[in-house]
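The opening residue of the sequence shown carries number 181 in the working numbering; numbering runs sequentially from there.
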Amino acid sequence: MAVGSLLFLAVLAIVHHPLMVSDKQDPATVQRVQQQEQRLALEMTRLQLEFEQRNHEERPSPHQSLEPDQSQGEEEATALRVAAEQGPDNVAWDGWRYGVLVIILLVELCRPSMEPESSYDSSSEDVSSEEEEDDAEAASRGSCTQHPGFPDRAALELFYEQHLQGVSKDLASTCEFVAGLVNTLLEACRVLTYQTFLPELENCIGVASTFEGWCPHRDPKAYQVLVPLLAPKGHSFRLEMENAEGTLEKHGHVVVELECVCKRERLLGDVLCLLHHSEEDLSDNKQGPFRVHILCSSSHLDVRKTTLWFHSLVGKAWALIAHNYSFQLTAQPSASSCKLRLAYESRRALSIEIILGVQQGDSLVFLASHGAETGHLSSTVWVETFAVQEMLFFQLVSRYAPQDSCHLKCLQILIHLKECRLPTLENRILTTYHFKTALMRLLLLLPLSEWRPEQLAQRLQDILLYLHRGLEEKRLYHFLIGNSALPNQIPVPKACRNAEPLNLFQHLALEPAAHVQAMSEFLEVMEQVRALLPQRSKQQDSVDPRQ
């Protein structure tokens, strides 16, 4: 818009002044202007003389009123001044015109920055594929009606009050406390590792259900935070990405490389250049034994070794600050994260899980330690995670959603029914992340105005219908990878945004048994939802999730 206005104003200026292509004028033009000025000056002098002579000859008597002649003289003088000030090119008018053009141009250029931040809602934008169009149509159809056999808002609110009331209210304050405590521990860790060649620790970032605001338990199992690792002085981290066989997750290795810091060594003297110092020099220096290679397998940063080092470091840091707190902190063993347990005198307990991560360039995508030690993965493999982007998305939705929006409550109810009412199985096909993905997708497909508190029952039914349709078609796309409708406020690398959509149900098409099991698990959740109906309603109605 601003570029179009700029072009229009430029053309307008050229049309009105086609000859003004330079500030320089030829001698003939200068001479004509000077002659015109002289003629105007002579004419001005002549008129002034005539005006004075007339006043002298027609001077009124004391009894005569002077007002008519004075008024006439003032008008003539004003006309003379205006005629003298106006040149052949109407300089004053041009100045005003250019001033107005400049003001219009500035307004047009500044308009994008003055507009309020646009909503993330992309339901009105062009969808990028036929599948997304079908999803949008299905979502709009489902949002208009509620199946008679589905529990109404009153039944869902009663269940929420009995099992989840107060969770969201306490989450915000507890998350703030957890983040503050972990950052205090990290500050003590920095003091302990200041004169070493070990990784540097940045402040934590809260992730997962607790920091997203939808924890499905009165007492959360753990508050998860991500701690970014920076390469130590004189080193750099280089990431090698790969797609692991037999899984949709992307993995990577963190290669530790030496860098020359001779200039810093000469200027500041706070570090040794490991690249240009001999082993003898390093062995005599107190920094020598504390080098990052103790955390590596070959040249790759090892998940297990790095986690154990951080586990030990947190224990030493707690010893420095424990006198400031009234609870006991103990570290629990884990191969891929640092788990802390806080025990209060009131017998209340709080669990914190610290996940280590290495940032991919300038993005907020991380290679994380969590889950890297499961299955057949090597200890040098780190798992790619978009946990920070998902947390930011839920924060963005909360900013624009109606007051007391029902989107978090929907997910809390479904996950609580899934995790607390169904038997625990190790190899479940349908995971919490699938329900969460369905919700995030619907938050983009439906306007936020349709997530008001009174629409709790319709929106919860929409989530189940969307997930059921995905199971039938064996298609549920990752929320961040290849999602062209993603809000621009969510910092996702351009390569991820423009990539091919990642189907989270792809393996169901290849494994019929897994598809049957996933459908069975979904029907179990549906039965738990039906159980929330009053007894009389259950006798009259039944639910078919395909309707």
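The C-beta atom is built at its ideal place from N, Cα and C for all residues, glycine as well. Please read these numbers as outputs of a predicted model, since none were measured by experiment.
8 Å contact criterion, which L335 and L703 should meet: CB distance rounded: To locate residue 335, count along the sequence shown from 1; it is residue 155. To locate residue 703, count along the sequence shown from 1; it is residue 523. Contrary to the premise, residue 335 reads as Ala rather than Leu in this sequence. With a contact defined as Cβ atoms closer than 8 Å, A335 and L703 miss out at about 20 Å.
4-residue-minimum alpha helix (DSSP H) runs that sit fully inside the stretch 478-535, ordered along the chain: Counting only runs of 4 or more, we get 483-501.
Local conformation of Q583 per DSSP, three classes: As a working mapping, residue 583 is identified with position 403 in the sequence shown. If DSSP states are grouped into helix, strand and coil, Q583 belongs with coil.
Buried versus exposed call for M421 [16 or more other C-beta atoms within 10 Å across all chains shown]: Stepping through the sequence shown from its first residue, residue 421 is reached at position 241. Around the beta carbon of M421, fewer than 16 other beta carbons sit within 10 angstroms, so the residue counts as exposed.
Limits of the beta strand (DSSP E) - the one that Y403 falls within: Sequence index remark: in the sequence shown, residue 403 carries index 223 (1-based). Start and end: Y403 to L410.
Range covered by the alpha helix (DSSP H) that runs through L682: Translated into positions along the sequence shown, residue 682 becomes position 502. Here L682 belongs to no alpha helix (DSSP H), and DSSP marks it neither H nor E.
Nearest-angstrom Cα separation, counted from P667 out to K674: For the purposes of this step, residue 674 is taken as the residue at position 494 of the sequence shown. For the purposes of this step, residue 667 is taken as the residue at position 487 of the sequence shown. For K674 and P667, the gap between their C-alpha atoms comes out near 13 Å.
When A515, P513, Q508 and S516 are compared against L522, the one with the closest alpha-carbon: Taking the sequence shown and counting its residues from 1, one reaches residue 522 at position 342. The candidate whose alpha carbon is nearest that of L522 is Q508.
Coarse secondary structure for I385, derived from DSSP in three states: The residue you call residue 385 lines up with position 205 of the sequence shown. Shown here, I385 sits in a strand according to DSSP, grouped into three states.
N423 - DSSP class collapsed to helix/strand/coil: For the purposes of this step, residue 423 is identified with residue 243 of the sequence shown, where counting begins at 1. It is a strand residue.
Proximity winner among L624, Q638, F377 and E337, relative to C453 (alpha-carbon distances): Here residue 453 refers to the residue found at position 273 when the sequence shown is read from its first residue. Nearest of L624, Q638, F377 and E337 to C453, Cα basis: F377.
Simplified DSSP state of F377, which is helix, strand or coil: Within the sequence shown, numbered from 1, the residue matching residue 377 stands at position 197. Under the three-state reduction of DSSP output, F377 falls in the strand class.
L624 beta carbon near the ligand COA (any heavy atom closer than 8 Å): Absence of the ligand COA from the depicted structure is noted, as is the absence of any ligand whatsoever, leaving it without description.
Rounded separation between Y505 and D350 - CA only: Looking up residue 505 in the sequence shown gives position 325. Looking up residue 350 in the sequence shown gives position 170. Answer to the nearest angstrom: the Cα atoms are 20 Å apart.
Under 9 Å between C-beta atoms of S664 and R655: Residue 664 sits at position 484 when you count from the first residue of the sequence shown. Residue 655 sits at position 475 when you count from the first residue of the sequence shown. Contact flag unset, no.
Same chain, Cβ closer than 6 Å to S298, five either side skipped, listed in chain order: Sequence index remark: in the sequence shown, residue 298 carries index 118 (1-based). With a pLDDT of only 45 at S298, under 50, the local geometry of the prediction cannot be trusted, and no value is derived from it.
Supposed close pair V405, F417 - CB separation, criterion 8 Å: Position 225 of the sequence shown, counting from 1, holds the residue named residue 405. Position 237 of the sequence shown, counting from 1, holds the residue named residue 417. At roughly 20 Å, the Cβ-Cβ gap does not stay under 8 Å, so V405 and F417 are not in contact.
Selected residue, minimal CA-CA separation from P610, among L651, T354 and A581: Walking along the sequence shown from the start, residue 610 turns up at place 430. In the sequence as presented, Pro is not what sits at residue 610; that position holds Leu. Distances from the CA of L610 to each of L651, T354 and A581 were compared; the closest alpha carbon is that of L651.
Sufficient close CB pairs (3 or more, under 8 Å) joining the stretch 573-588 to the stretch 626-643: Segments in contact, yes.
H614 - containing alpha helix (DSSP H), residue span: Mapped onto the sequence shown, residue 614 falls at position 434. Here the alpha helix (DSSP H) through H614 covers T612 to L625.
Coil, strand or helix - F574 by DSSP: Your numbering for residue 574 matches position 394 in the sequence shown. Residue state for F574 is assigned as helix, using DSSP reduced to three classes.
Same chain, Cβ closer than 6 Å to M571, five either side skipped, listed in chain order: Translated into positions along the sequence shown, residue 571 becomes position 391. The beta carbon of M571 sits closer than 6 Å to those of V387, F391 and E392, all from its chain and outside the five residues before and after it, given in chain order.
Backbone CA spacing between Q708 and D332 [nearest angstrom]: Residue 708 sits at position 528 when you count from the first residue of the sequence shown. Residue 332 sits at position 152 when you count from the first residue of the sequence shown. Near 14 Å, if we compare the C-alpha coordinates of D332 and Q708.
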